[in-house]
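**Q** Using the working numbering, read the sequence shown as starting at 351 and increasing by one per residue. Backbone N, C-alpha and C fix where the C-beta goes; we use that ideal spot for every residue, glycine too. Note that the coordinates shown come from a computational prediction; the quantities given were computed from them, not determined experimentally.
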Amino acid sequence: MLKEFIDFVNSVLPAVSPDFRDGAKEAITQFEKEGEQPKFMTLNPLDSLSQGDIVSSLPFVYFEKDGKQKKFFADALLINTSCHIDNKKKLTFVPVFPIEEFKGNYIDLKKNTIYDYMYISDGVLSDKFVDFGIVNTYSKQLIMTCLKNEKIKRIGSLNQLGYYFFVIKITVYLMRKEDDRTLEHRNLDCQYT
Numbered sequence: 351m352l353k354e355f356i357d358f359v360n361s362v363l364p365a366v367s368p369d370f371r372d373g374a375k376e377a378i379t380q381f382e383k384e385g386e387q388p389k390f391m392t393l394n395p396l397d398s399l400s401q402g403d404i405v406s407s408l409p410f411v412y413f414e415k416d417g418k419q420k421k422f423f424a425d426a427l428l429i430n431t432s433c434h435i436d437n438k439k440k441l442t443f444v445p446v447f448p449i450e451e452f453k454g455n456y457i458d459l460k461k462n463t464i465y466d467y468m469y470i471s472d473g474v475l476s477d478k479f480v481d482f483g484i485v486n487t488y489s490k491q492l493i494m495t496c497l498k499n500e501k502i503k504r505i506g507s508l509n510q511l512g513y514y515f516f517v518i519k520i521t522v523y524l525m526r527k528e529d530d531r532t533l534e535h536r537n538l539d540c541q542y543t
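#1: Under the assumption that residue 435 contacts residue 505 (Cβ atoms under 8 Å), give the Cβ distance between them as a whole number of angstroms.
#2: If distances are taken between C-alpha atoms only, which option among 422, 409, 445 and 489 comes closest to residue 482?
#3: Check residue 407 in the structure and name its three-state DSSP category.
#4: Taking all protein chains shown into account, decide if residue 468 is buried (16 or more other Cβ within 10 angstroms of its Cβ) or exposed.
#5: DSSP has residue 531 in a bridge; who is on the other side?
#6: Taking the alpha carbon of residue 518 as the point to measure from, which residue in 422, 494, 463 and 388 has its own alpha carbon closest?
#7: Do you know offhand how far residue 474's Cα is from residue 502's?
#8: Which residues does DSSP pair with residue 421 in a beta bridge?
#9: Given a cut-off of 8 Å, decide if residue 447 and residue 478 are closer than it, judged by their beta-carbon atoms.
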């Protein structure tokens with residue numbers, strides 16, 4: 351799973367350091383030689399709410415093509431940085447769905463070669479996937495109160511490897527190189543401003 355993902359990242363973000371790519375591949379190869387699967391989740395949630403934490407059942411809203419608002423509940427992954435969590439009044443989450451709700455190629459999902467989604471094969475995410483295409487913002491005070499009153503629960507945290515994987519995955523989703531035509535148009539517009 352990870353070797354394919356690193357090759358995929360290399361193809362969409364060629365600026366990633368070759369030393370980083372080669373070191374990551376070597377570490378993954380070592381895991382495979384020893385018959386171990388890399389772990390991305392901590393055994394228990396971290397002491398405080400952190401980037402990459404998974405919480406239970408938040409409401410998400412979005413708008414259909416006819417303008418009608420839709421609402422659903424899903425587990426959620428926190429995408430704000432820990433510094434942002436400490437200092438801002440809003441928190442941003444993306445939904446975590448059961449894998450049986452995925453409509454598409456499971457092999458590509460599990461190899462993490464689909465931009466929009468993240469799959470982690472261990473811990474509370476082993477039978478779920480993260481969808482970066484739906485983003486909702488909540489009051490930090492509301493989230494903290496719901497956690498304190500146990501209306502929602504922190505159900506998982508990413509370990510260091512999982513955190514780096516998440517950072518790369520969301521970077522690929524939001525910041526991958528644009529197509530040549532768009533870049534050409536940006537360059538033309540830049541010349542006249």
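**A** In terms of the structure at hand:
#1: The Cβ separation is near 17 Å, so there is no contact.
#2: 445
#3: strand
#4: buried
#5: Paired residue(s): none; residue 531 is not in a bridge.
#6: 463
#7: 15 Å
#8: 411
#9: yes
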